[in-house]
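Under this note's numbering, the residue at position 150 of the sequence shown is numbered 258, and the numbers go up by one with no gaps.
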Amino acid sequence: MTAPDTSTGQPRLARRYSHFAVGMLAAERTPLADARLGLAMTFVAGATNAGGLLAVGQYTSHMSGIISAMADNAVIGASGLVIAGVGALLPFILGAATSAILVNWARLHHAGREYAIPLTLEAFLLLAFGLLGSVAHVSPVALIADVAVLCFIMGLQNATVTKLSGAKIRTTHMTGVVTDLGIELGKLFYMNHQRRRRAGAPLIYADRGKLRLLAMFVLLFFAGGVIGALGFKYIGFVFCVPLALLILVLAGPSAFRRLIR
109 MTAPDTSTGQ PRLARRYSHF AVGMLAAERT PLADARLGLA MTFVAGATNA GGLLAVGQYT
169 SHMSGIISAM ADNAVIGASG LVIAGVGALL PFILGAATSA ILVNWARLHH AGREYAIPLT
229 LEAFLLLAFG LLGSVAHVSP VALIADVAVL CFIMGLQNAT VTKLSGAKIR TTHMTGVVTD
289 LGIELGKLFY MNHQRRRRAG APLIYADRGK LRLLAMFVLL FFAGGVIGAL GFKYIGFVFC
349 VPLALLILVL AGPSAFRRLI R
């Protein structure tokens with residue numbers, strides 16, 4: 109008896125992985141591709157955000173909180189903290205602007221793979237942040253730079269996922285997701301008996317698929333936060349490396365295939 113020929117198994121698996129990753133970031137969007145990428149990036153954002161609290165002493169994706177803190181500090185005369193808030197807000201805006209520039213540039217030069225390029229940049233920034241942060245000495249200047257880099261990364265990711273999903277998905281903060289989750293739960297538990305008595309009154313039904321997806325976003329953000337906090341606590345800045353590699357696994361096949369042509 110001869111052994112089965114498995115010589116083509118590995119290339120076939122590599123092709124399937126490449127098609128899966130490229131399809132996830134294709135210009136022609138589908139709800140399934142949006143959900144898959146959104147869930148993965150939500151995990152990364154949760155890990156980066158929670159881990160960033162341990163690494164730099166503050167969350168780096170919640171611009172609502174940062175702007176509110178700037179207002180409070182302005183009232184009490186803490187000008188240094190207001191400046192620190194600006195140092196977090198501006199990089200976030202710059203990251204979002206960079207995403208828009210890269211997406212629009214890639215639509216002209218690398219059409220069909222425009223979303224992979226900003227995510228690949230995010231991966232390299234996380235990789236550099238993790239490697240440099242692990243060897244750099246802690247200082248006020250280094251801390252300011254660390255906060256700025258993390259906020260830039262969060263702005264870059266949030267804008268990229270927002271653009272590719274048509275503003276349906278945001279991954280770096282859960283306010284909108286939790287709001288939508290509450291709305292669907294309200295529909296789920298709504299009593300339709302009065303509407304049934306009125307002719308022509310539409311019945312209220314929850315979108316159970318959307319409800320499950322929203323719950324998964326919240327759970328993955330939480331799970332990413334737990335894992336990120338543990339990683340930064342016990343490993344330190346180097347924990348950014350596996351997060352960066354995860355993004356490269358998703359975006360690399362699409363980005364590099366276009367860039368090397």
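Just so you know, even glycine gets a beta-carbon here, dropped at the ideal spot from N, CA and C.
State whether the stretch 121-136 contacts the stretch 305-325, with contact taken as three or more CB pairs (one from each stretch) at a distance under 8 Å. Result no; under three Cβ-Cβ pairs closer than 8 Å.
Using a threshold of 7 Å, is the CB atom of H218 nearer than that to any non-hydrogen atom of the ligand SAM? Among the components modelled here there is no ligand, and therefore nothing to report on the ligand SAM.
With distances taken between CB atoms, is the gap from G382 to C259 smaller than 8 Å? In the structure as shown, the chain starts at 109 and stops at 369, and residue 382 therefore has no counterpart that could be examined.
Could you give the uninterrupted runs of the alpha helix (DSSP H) lying entirely in the stretch 266-321, keeping only those of 4 residues or more? Entirely contained in the stretch 266-321, the alpha helix (DSSP H) runs reaching 4 residues are, in chain order, 283-296, 301-305.
Could you tell me whether the stretch 167-179 touches the stretch 220-239, where touching means 3 or more Cβ pairs closer than 8 Å? The answer is no - the stretch 220-239 does not touch the stretch 167-179, with fewer than three Cβ pairs under 8 Å.
Would you mind listing the beta strand (DSSP E) stretches within the stretch 199-228 that are 3+ residues and don't spill past its ends, in chain order? Scanning the stretch 199-228 for uninterrupted beta strand (DSSP E) segments of 3 residues or longer gives nothing; none is fully contained.
Rounded C-beta distance between M132 and L358? I'm assuming under 8 Å. That pair is a contact at about 6 Å.
How many whole angstroms separate the CB atoms of M299 and F329, which I take to be in contact at a CB cut-off of 8 Å? About 31 Å separates the beta carbon of M299 from that of F329, a gap too long to meet the 8 Å contact definition.
Three or more C-beta pairs below 8 Å linking the stretch 268-276 and the stretch 207-219: Cβ pair count under 8 Å is three or more, so yes.
The alpha helix (DSSP H) that contains I174, what's its start and end? Its alpha helix (DSSP H) spans residues 171-184.
Just to check my reading of the structure: G263 and P310 have Cβ atoms closer than 8 Å, yes? What is that Cβ distance to the nearest angstrom? Separation of the CB atoms of G263 and P310 is rounded to 40 Å, and the pair is thereby denied contact status at 8 Å.
Using a Cβ-Cβ cut-off of 6 Å (strictly less than) and excluding sequence neighbours within five positions of S126, which residues of its own chain qualify? Around S126: P361.
Looking at C-alpha atoms only, which residue of C348, R306, E136, M324 is the closest neighbour of R215? Measuring from the Cα of R215, the nearest candidate turns out to be E136.
L289 beta carbon less than 8 Å from that of A103: Given a span of 109 to 369 for the chain in the structure shown, any question on residue 103 remains unanswerable.
Distance between I225 and H217 (C-alpha atoms, nearest Å): So the two alpha carbons sit approximately 11 Å from each other.
Residue range of the unbroken alpha helix (DSSP H) whose run includes T168: Per DSSP, T168 belongs to no alpha helix (DSSP H) and is neither H nor E.
Through-space distance from G173 to R369, alpha-carbon basis: Its pLDDT being 47, under 50, R369 is placed unreliably by the model, and nothing is read from it.
C-alpha distance - G294 paired with L354, whole-angstrom precision: Whole-angstrom Cα-Cα distance: 35 Å.
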